[in-house]
Amino acid sequence: MCDMFIWLQKLDGADARIADYFDVIAGTSNGGLITAMLTAPGKDNRPLFAARDINKFYYDHGPNIFPQRSWWHQKLFSKILNATMGPKYDGKALHEQIKKVLPQEIKVADTLSNIVVPTFDVKKMQPVIFSTFEAKKEVQKNASLSDVCIGTSAAPTYFPPISFTTKDVHGKPHEFHLVDGGVVANNPTMAAMSMLNKEMLRLRQELVIKGNDKYKNFIIISIGTGSAKQAKKFSAEEMAKWGKFHWISNGDGASIIDVCFQASADMVDIHAAVRFEDIGCEKNYLRIQADDLEGNTASMDLATKENMDDLVKIGNDLLNKPVARVNIDTGVYEPVNEGTNAEALKNFAGMLFKERKDRKKTQHLK
4 MCDMFIWLQK LDGADARIAD YFDVIAGTSN GGLITAMLTA PGKDNRPLFA ARDINKFYYD
64 HGPNIFPQRS WWHQKLFSKI LNATMGPKYD GKALHEQIKK VLPQEIKVAD TLSNIVVPTF
124 DVKKMQPVIF STFEAKKEVQ KNASLSDVCI GTSAAPTYFP PISFTTKDVH GKPHEFHLVD
184 GGVVANNPTM AAMSMLNKEM LRLRQELVIK GNDKYKNFII ISIGTGSAKQ AKKFSAEEMA
244 KWGKFHWISN GDGASIIDVC FQASADMVDI HAAVRFEDIG CEKNYLRIQA DDLEGNTASM
304 DLATKENMDD LVKIGNDLLN KPVARVNIDT GVYEPVNEGT NAEALKNFAG MLFKERKDRK
364 KTQHLK
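The sequence shown begins at 4 in my numbering and counts up one residue at a time.
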């Protein structure tokens with residue numbers, strides 16, 4: 004995303020921000036926090052953060068949010084004890100830092116671009132998707148942006164759930180008891196598309212036409228956080244011997260949480276890729292994802308400077324790799340003849356710049 008940010012600034016000046024060019028920005032878990040940081044209003048009603056500020060936030064605060072324990076605490080006995088006694092982290096540092104960067108008074112409806120942030124309500128046992136679209140119409144969904152970010156980041160076994168209450172237009176309280184949205188939409192692409200479709204239908208815009216052709220009007224950039232799919236660590240024979248503790252506390256990328264998050268993201272990617280291919284617009288959907296993480300880089304919570312440096316390098320290297328799409332039979336990303344990811348982002352930046360310029364002209368004529 005920083006690469007696209009640089010191209011947009013080259014095209015549109017130093018004041019260019021990601022929120023200026025996207026009609027919808029969506030994120031789950033870690034992505035939900037990034038979404039909020041890129042769209043929250045600051046001075047002069049401009050975004051509080053630029054894309055380049057995101058890395059600094061994680062370098063500065065990641066080690067406190069995910070404190071590393073001593074060797075003794077990594078032993079199997081400790082893992083089993085933690086799995087039965089509570090979440091791995093108390094979440095205090097996470098809550099503190101989110102509330103610092105996103106003041107409590109900033110609400111979902113205040114964002115400078117429309118956002119979509121999935122969560123899951125454990126009391127109602129159903130997904131709750133917070134969006135700017137709905138927050139502007141339903142007061143009870145206009146929660147504090149910081150509370151929503153804490154909710155979508157509350158990964159089961161890692162952080163405790165969060166609860167908060169809002170009120171509807173009649174003053175009736177509405178409770179939310181939230182955990183990480185990744186359990187239902189680790190890749191929020193389809194959630195964002197559904198919300199946008201719903202809004203387009205409500206407004207009866209000219210873009211809404213019959214069938215799936217409406218997706219020809221969408222261009223989507225989906226950036227993953229990486230996975231260790233190619234490692235192929237376990238077989239059915241090995242896992243057949245596992246009990247509940249092994250499924251919960253396995254630290255090798257195959258716990259029930261890892262499985263659910265990976266399956267959720269992959270199903271969305273497959274569905275989106277097939278849908279765009281079906282209407283001949285596969286180039287409108289760009290998925291950038293490293294599926295060959297291994298060792299420390301595959302960890303969900305190893306926030307040492309060394310590991311974050313390695314992740315940054317992987318991200319930079321990924322830009323120079325060819326555009327790839329998921330093979331729906333193997334689940335592996337395969338290169339297609341469309342240049343590199345960096346070139347694709349440059350092309351998308353050009354399209355976004357032109358679209359914004361055209362919209363400004365239209366508004367001026369009105």
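Each residue gets a CB set at the ideal place from its N, CA and C atoms; glycine is no exception.
7 Å CB neighbourhood of Asn215 in its chain, flanking five on each side removed = For Asn215, the pLDDT reaches just 49, beneath the cut-off of 50, and the residue's location in the model is therefore unreliable, leaving the point undetermined.
7 Å Cβ shell around Asp23 - same chain, five flanking residues per side excluded = Arg359
Are three or more beta carbon pairs between the segment 114–128 and the segment 26–34 nearer than 8 Å?
-> yes
So which of Leu105, Arg72, Glu99 and Val104 has the shortest CA-CA distance to Lys91?
-> Arg72
Helix or strand or just coil, what does DSSP make of Gly353?
-> helix
Buried versus exposed call for Lys213 [16 or more other C-beta atoms within 10 Å across all chains shown] | With a pLDDT of 49 at Lys213, under the threshold of 50, the modelled position of this residue cannot be trusted, and the question is left open.
C-beta atoms of Asp183 and Pro163 nearer than 8 Å = no
Determine the closest residue to Val151 out of Ile132, Tyr161, Phe136 and Phe248, with distance taken between C-alpha atoms.
-> Ile132
Assign Pro66 to one of three DSSP states: helix, strand, or coil.
-> helix
How do the segment 328–337 and the segment 282–297 stand: do at least 3 beta-carbon pairs fall below 8 Å, yes or no?
-> yes
8 Å contact criterion, which Gly342 and Val326 should meet: CB distance rounded | 6 Å
Residues that DSSP places opposite Asp124 in a beta bridge | Gln129 and Leu181
Option in Ser225, Phe167, Leu36 and Lys232 with minimal Cα separation from Gly298 | Lys232
State buried or exposed for Asn129, treating a residue as buried only when at least 16 other CB atoms are found within 10 Å of its CB.
-> One detail in the question is off: residue 129 reads as Gln in this sequence, not Asn. So Gln129 ends up on the exposed side.
Which residues in the same chain have their Cβ closer than 8 Å to the Cβ of Ile68, if we skip the five residues on either side of it in sequence?
-> Tyr92, Ala96, Leu97, Gln100 and Ala306
Neighbourhood of Val315 by C-beta, 8 Å cutoff - its chain only, sequence neighbours within 5 removed | Asn58
Could you check if Phe237 is buried or exposed, using at least 16 other CB atoms within 10 Å of its CB as the buried criterion?
-> exposed
Roughly how many whole angstroms lie between the Cα atoms of Arg290 and Lys324?
-> 12 Å
Trp74 versus Gln265: straight-line alpha-carbon distance, rounded = A caution first: Trp74 carries a pLDDT of 48, below 50, which makes its placement in the model too unreliable to give a value.
Cβ atoms of Lys140 and Val111: under 8 Å apart, would you say?
-> no
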